[in-house]
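**Student:** Starting off with a structure, shown below.
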Amino acid sequence: MPLVVFILLVILALMLLGFACACLTDQPMQTIERALSVLLGPPAVIDVWAGLLTAVVAGAALLATATSAAASARSSPVFLQRFLL
Numbered sequence: 044m045p046l047v048v049f050i051l052l053v054i055l056a057l058m059l060l061g062f063a064c065a066c067l068t069d070q071p072m073q074t075i076e077r078a079l080s081v082l083l084g085p086p087a088v089i090d091v092w093a094g095l096l097t098a099v100v101a102g103a104a105l106l107a108t109a110t111s112a113a114a115s116a117r118s119s120p121v122f123l124q125r126f127l128l
């Protein structure tokens, strides 16, 4: 599993765990309203999420470009003959 996918799954699992814990201790609608006000309220948090999203998308694009370039590159004859006995 690629590192980027693993990190995104860990973040998703932590968010789901936090949401479940918050819903078990309080009224669900109050919890949802609180969570939305925390995520969307202060502009500093929005800047952090925007920067994080930009970094993840840029990393994924660089990773996809690097793997596709390596996969489409033709191997040299010297590299191919290295395994011949």
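Under this note's numbering, read the sequence shown as residues 44 to 128, first letter to last.
Positions of the beta carbon are idealized from the N, C-alpha and C atoms, including for glycine.
Being a predicted model, the structure only gives us computed values, none of them experimental.
1) Go ahead and pull the three-state DSSP assignment for S118.
2) I need the straight-line Cα distance from V99 to L59, nearest angstrom please.
3) Classify R77 as helix, strand or coil using the three-state DSSP reduction.
4) CB-CB under 8 Å to Q73, same chain, minus the five flanking residues each way: which ones, in chain order?
**Tutor:** Put simply:
1) Looking up residue 118 in the sequence shown gives position 75. Of the three classes helix, strand and coil, the one that applies to S118 here is coil, per DSSP.
2) Indexing the sequence shown from 1 puts residue 99 at position 56. Indexing the sequence shown from 1 puts residue 59 at position 16. Cα to Cα, V99 sits roughly 20 Å from L59.
3) As a working note, residue 77 is residue 34 in the sequence shown. DSSP places R77 in helix when its eight states are reduced to three.
4) Along the sequence shown, one-based indexing puts residue 73 at 30. For Q73, where only same-chain residues beyond five positions count, there are no Cβ hits under 8 Å.
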